[in-house]
Amino acid sequence: MTTTTKALIFKEAARLFREKGYNGSTQRQLADRVGVQGASIYHHFPSKQGILYAIMEYTMTSLLQKVRCEMLDASSPEAKLRKAIKVHIEYHTVDRDETYVADAELRSLEAENFKKIVAMRVAYEQIFRDILSEGVQEGVMRIGDVSLATKALLQMCTGISYWFSPGGRRSIDEIADQYVELFLFGICGKLNNER
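If you count by the numbering used here, then the sequence shown holds residues 622 to 816, one letter each, in order.
See below:
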């Protein structure tokens, strides 16, 4: 068994958990998809729960690193927000199975794993909250409740994994720009925002 097999188990587990749900998936189904004996899976992962945790931990670690890295050269809150939204949307369209599982199967984690992933999610959400708070402090954003706005923004951006098609009429960059415009100026546009 090779590292490639471990990566294949990881990918197929994410796909299986997305299709059938964590609780609806079995070791046998996963082994069949990978083309290995059922027990062979546990040479790479300690348990089915271990696979679920690995998917979520990898997803959250990647998102945290990518957003932090992308924002390094952004100076204004709006520039930071554009970059953060783009990373979030892009990640949710490239690694769709993993991000779907990370969003939908939180409830399936055992208590200790749940605690660790929730802490990572809180750290990730804090990045967006900090950007919005900075925008409010600098007077370039008017937000009554930064915490609520952060949750709404992340839900809006995460939803792309349900409907995005790589062959669609808009690129990730175009969608990210539209999301930023929608979030910053709403459906009434910039003029009403000046009131």
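For every residue, glycine included, the Cβ atom is placed at its ideal position computed from N, Cα and C.
These figures come from a predicted structure and were not determined experimentally.
- The three-state secondary structure of Met-762, taken from DSSP, is coil.
- Taking the C-beta atoms as reference points, Arg-703 is found no nearer than 8 Å to Val-767.
- Excluding its 5 nearest sequence neighbours in each direction, Glu-755 has C-beta neighbours in its own chain below 7 Å: Pro-698, listed in chain order.
- In this structure, Leu-651 sits near Ile-630, with a CB-CB distance shorter than 8 Å.
- The C-alpha of Arg-791 lies about 17 Å from the C-alpha of Arg-717.
- Using a C-beta cut-off of 8 Å, the segment 678-695 makes contact with the segment 731-742, since at least three inter-stretch Cβ pairs fall below that distance.
- Taking one beta carbon from each stretch, the segment 658-665 and the segment 630-649 have 3 or more pairs nearer than 8 Å; the two touch.
- Counting only runs of at least 4 residues, the segment 729-753 fully encloses no alpha helix (DSSP H) element at all.
- For Asp-724, the enclosing alpha helix (DSSP H) begins and ends at 717-725.
- Under the three-state reduction of DSSP output, Tyr-800 falls in the helix class.
- Under the DSSP assignment, Tyr-674 falls in the alpha helix (DSSP H) whose first and last residues are 669-691.
- According to the DSSP assignment, Ala-652 belongs to the alpha helix (DSSP H) that extends over 648-655.
- Only residues of its own chain outside the window of five on either side were considered, and among them Val-688, Glu-691, Met-692, Ile-748, Phe-749 and Ile-752 have a CB closer than 8 Å to the CB of Ala-705, listed in chain order.
- In the structure shown, Ser-696 adopts coil according to DSSP, grouped into three states.
- Contact annotation: Arg-639 and Val-722 have beta-carbon atoms nearer than 8 Å.
- Residue burial annotation: Val-715 is exposed, with fewer than 16 other C-beta atoms found within 10 angstroms of its C-beta.
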